[in-house]
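*Asks:* Take the working numbering: the last position of the sequence shown gets the number 359, and nothing is skipped along the way. Ideal placement from N, C-alpha and C gives every residue a C-beta, glycine not left out. In this text the structure is predicted, and so the values were computed from the model without any measurement.
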Amino acid sequence: MQLKNLRIENLRLFGQVELAFAPRWNLLTGENGSGKTSVLEAAYLLSHGRSFRTSARDALVRHGAEGYSVYGELAGGGAARLGIARAGRKLEARLDGAHVGIGELMRHAAVLCFEPGSHELVAGPSEERRRFLDWGVFHVEHDFLPVWRRYQRALKQRNALLRARADPTELETWDRELARAAEPLVQMRSGYFSALEPWLRALLRDLLPELGEAELVFDPGFPQDMAFADALARNRERDLARGHTGAGPHRADFRLAFAAAPRREHLSRGQEKLCAFALVMAQAHLFASGRGEWPVLCLDDLASEVDARHHARIIDTVDASGAQVIATGTVEPAGFDVVQGGLARFHVEQGRITRLL
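#1: Starting from D321, trace the alpha helix (DSSP H) in both directions and tell me its first and last residue.
#2: Is the separation between the beta-carbon of M283 and that of T330 shorter than 8 angstroms?
#3: Tell me which same chain residues have a C-beta within less than 7 angstroms of the C-beta of A156, skipping the five on either side of it?
#4: Out of V188, R244, L218 and L84, state which residue places its alpha-carbon closest to the alpha-carbon of P200.
#5: So the candidates are P127, A44, Q18 and G103; which of them puts its Cα closest to the Cα of R266?
#6: Between which two residues does the alpha helix (DSSP H) holding A45 run?
#7: Along the beta strand (DSSP E) that carries N12, what are the first and last residues, could you check?
#8: Where in the stretch 194–244 do unbroken runs of the beta strand (DSSP E), each at least 3 residues long, occur, reported from the N-terminal end onward?
#9: With three or more beta-carbon pairs closer than 8 angstroms as the criterion, would you say the stretch 8–15 touches the stretch 56–69?
#10: Nearest to P211 by alpha carbon, out of L276, P222, F224 and D98?
#11: Report yes if the C-beta distance between I328 and F23 is below 8 angstroms; otherwise report no.
#12: May I have the straight-line CA-CA distance separating F437 from G103, to the nearest angstrom?
#13: Please list, in chain order, all residues of the same chain as H121 whose beta carbon is under 7 angstroms from its beta carbon, the five residues on each side excluded.
#14: What three-state label does DSSP hand H1 in the structure shown?
#15: Say whether the stretch 235–246 touches the stretch 163–171, bearing in mind that this needs 3 or more beta-carbon pairs closer than 8 angstroms, one atom from each stretch.
#16: Alpha carbon to alpha carbon, how far is L358 from D60?
#17: Give a yes or no on whether the C-beta atoms belonging to L29 and I86 are separated by under 8 angstroms.
#18: Considering Cα atoms alone, identify which of R26, F16 and Q18 is closest to K1.
#19: In three-state terms, what does DSSP make of S306?
#20: F71 bridges to which residues according to DSSP?
#21: I believe A45 touches L8 by the beta-carbon criterion, under 8 angstroms. Please report the beta-carbon distance rounded to the nearest angstrom.
#22: Pull up the DSSP beta-bridge partners for L157, would you.
#23: For L198, which residues from the same chain have a beta carbon less than 6 angstroms from its beta carbon, with the 5 sequence-adjacent residues on both sides left out?
#24: Under 8 angstroms between the Cβ atoms of I317 and V298?
#25: For the alpha helix (DSSP H) holding V282, just list the boundary residues, first then last.
#26: Closer than 7 angstroms by C-beta to H252: which residues in its own chain qualify, once you throw out the five before and the five after it? Chain order, please.
#27: Considering only C-alpha positions, which residue in the set T332, G294, G337 and V333 is nearest to R311?
#28: Out of A233, F220 and A95, point me to the one whose CA is closest to R109's CA.
#29: Look up R96 in the DSSP assignment and give the residues it is bridged to.
#30: Within 10 angstroms of its Cβ, does A263 collect 16 or more other Cβ (buried), or is it exposed?
And the structure:
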């Protein structure tokens with residue numbers, strides 16, 4: 003999969019700008035705050051429907067504008083024109099000119115990003131890891147979105163009944179529905195994590211051999227030695243007291259542990275970032291193995307908090323994939339002069355982008 007062209011309007015610093023990307027490596031350089039990361043953010047929006055930097059909708063809109071829009075043209079698996087736009091509270095998506103749901107847009111674009119905040123995949127809250135898992139499951143399991151929505155509807159109804167201290171018979175009815183909705187969701191996530199595991203182990207061995215073999219554990223969000231329906235029944239009184247459902251797939255998580263770092267708190271920030279890179283790259287490998295094409299890989303400020311040896315190893319690993327890459331830096335990082343397939347260079351300066359080579 004390749005992103006041939008990207009047009010950005012009224013996103014952060016950009017009024018209107020259009021880029022034509024090279025099929026392999028693309029490097030955007032410029033001072034801090036010039037808009038480099040916003041280019042990656044625009045590409046990421048087409049694939050995820052949200053920013054990797056903020057959940058605040060208004061933060062993406064250029065000052066004084068009423069909304070933003072991003073349009074991209076893809077090559078790979080058939081060309082497609084994609085667009086996402088926000089006006090006020092309304093978010094719209096288009097595919098080849100036709101209005102579609104955000105989920106349908108996301109099926110056609112695959113963009114993964116490794117950026118300074120990616121260490122949150124390891125050190126941050128479980129929500130970050132669930133999002134990571136669910137994006138991957140979404141691109142593997144065609145029925146994932148309706149399954150996920152069914153669970154969310156049942157969870158919302160059960161929580162409303164808990165807050166209202168509803169009749170036990172009514173709660174039992176929604177307990178059964180929640181348990182039925184949870185079963186395929188847990189299976190999809192567990193199956194995806196199992197498929198991801200060999201890619202992830204190999205990358206962790208390569209990047210962090212000093213930590214020893216990794217222990218990778220998927221947590222479905224409730225005790226694995228009991229059925230979810232039994233967990234709901236056991237926790238009902240506590241859930242009634244708290245007014246919400248405490249256990250379930252909405253609390254799903256996974257963890258990485260090593261012989262030399264059994265707790266995530268034992269990892270340095272640099273090691274957290276390398277683990278995060280391994281997760282992103284493992285997901286890219288798994289996507290490519292199933293789809294026959296690589297997602298677009300975005301590398302934001304790659305030199306940040308990664309030493310020179312690991313920096314070179316990351317570049318080698320990404321280069322060997324053959325994927326299209328869009329990278330940023332305040333200057334050209336060491337090692338980019340030997341990447342395969344050539345390197346297109348762009349300079350970014352306060353919302354303006356110039357192709358250098």
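*Replies:* From the atom records:
#1: A310 to S323
#2: no
#3: W176, E179, L180 and A183
#4: L218
#5: P127
#6: K38 to H50
#7: Q4 to L13
#8: 216–221
#9: yes
#10: L276
#11: yes
#12: No answer is possible for residue 437: the residues shown for the chain start at 3 and end at 359.
#13: R271, E274, K275 and A278
#14: As displayed, the chain neither begins before 3 nor continues past 359, which places residue 1 out of reach and without an answer.
#15: yes
#16: 32 angstroms
#17: no
#18: Residue 1 cannot be examined here, being either before or after the span of the chain that is shown, 3 to 359.
#19: coil
#20: Note that residue 71 is Ser in the sequence shown here, rather than Phe. The partner list for S71 (beta bridge, DSSP) reads E11 and A87.
#21: 6 angstroms
#22: The partner list for L157 (beta bridge, DSSP) is empty, contrary to what the question assumes.
#23: A284 and L288
#24: no
#25: R271 to R293
#26: L157 and G223
#27: G337
#28: A95
#29: G85 and H101
#30: buried
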